[in-house]
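Trainee:
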Amino acid sequence: MTTHSCLIVEDSPVMRQQLVFVLARVGGVEVSEVDDGVHALRALAARRFDLVITDINMPIMDGLKLVRRMRADPMHRDVPVIVVTTEGANEDRQRALSLGANAYLVKPVQAAEVVTLVRELLPAR
12 MTTHSCLIVE
22 DSPVMRQQLV
32 FVLARVGGVE
42 VSEVDDGVHA
52 LRALAARRFD
62 LVITDINMPI
72 MDGLKLVRRM
82 RADPMHRDVP
92 VIVVTTEGAN
102 EDRQRALSLG
112 ANAYLVKPVQ
122 AAEVVTLVRE
132 LLPAR
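Using the numbering used here, you'd call the opening residue of the sequence shown number 12 and step up by one each time.
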């Protein structure tokens with residue numbers, strides 16, 4: 012089975028744990044976890060990921076700034092990004108998508124929805 016790499020960027024340990032559990036259902040996904048956008052940039056500087064799942068509201072650097080920085084970096088420009096957030100307003104969704112996020116999910120997320128989206132976005136190998 013091919014292994015894909017996913018970076019989860021989420022300041023809530025409980026939410027990170029839920030996402031790790033959901034990704035285990037996808038199968039063949041190696042997960043790394045960080046708790047804010049600055050740590051995410053460090054992780055991205057160290058290696059390439061096949062997928063990034065990020066929250067918006069985090070200390071130090073939020074998820075929207077992270078998406079903007081990723082899209083400005085040729086190495087990570089094409090990495091799929093799923094935003095998972097409590098921000099349900101349409102303006103927030105449009106802003107995230109316009110910055111380059113591939114998908115936008117509002118918490119609480121449904122496991123089946125995350126699994127389907129991850130399978131759609133992970134590159135075929």
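Using N, Cα and C, we set each Cβ at its ideal position, and we do this for glycine too.
Measuring straight from C-alpha to C-alpha, what distance separates alanine 112 and glycine 39?
Mentor: The residue you call residue 112 lines up with position 101 of the sequence shown. The residue you call residue 39 lines up with position 28 of the sequence shown. So the two alpha carbons sit approximately 23 Å from each other.
Trainee: In or out: threonine 65 buried (at least 16 other Cβ within 10 Å) or exposed?
Mentor: As a position in the sequence shown, residue 65 is number 54, starting the count at 1. Looking at its Cβ environment, which holds 16 or more other Cβ atoms inside 10 Å, threonine 65 is buried.
Trainee: Quick check on DSSP: helix, strand or coil for leucine 116?
Mentor: Counted from its first residue, the sequence shown places residue 116 at position 105. In this structure, leucine 116 counts as strand in the three-state DSSP scheme.
Trainee: Which value, in whole angstroms, describes the spacing of the CA atoms of valine 63 and serine 109?
Mentor: Here the question's residue 63 lines up with position 52 in the sequence shown. Here the question's residue 109 lines up with position 98 in the sequence shown. Approximately 17 Å, taken between the alpha carbons.
Trainee: Going by CA-CA distance only, name the one from Pro134, Val126, Leu133 that's closest to valine 37.
Mentor: Working through the sequence shown from its first residue, we reach residue 37 at position 26. Nearest option by C-alpha distance: Val126.
Trainee: Identify every residue that forms a DSSP beta bridge with glutamate 44.
Mentor: Counting from 1 along the sequence shown, the entry for residue 44 is found at position 33. Per DSSP, Ile19.
Trainee: So, is arginine 130 buried or exposed, given that buried needs 16 or more other C-beta atoms within 10 angstroms?
Mentor: In the sequence shown, counting from the first residue as 1, residue 130 sits at position 119. It counts as exposed.
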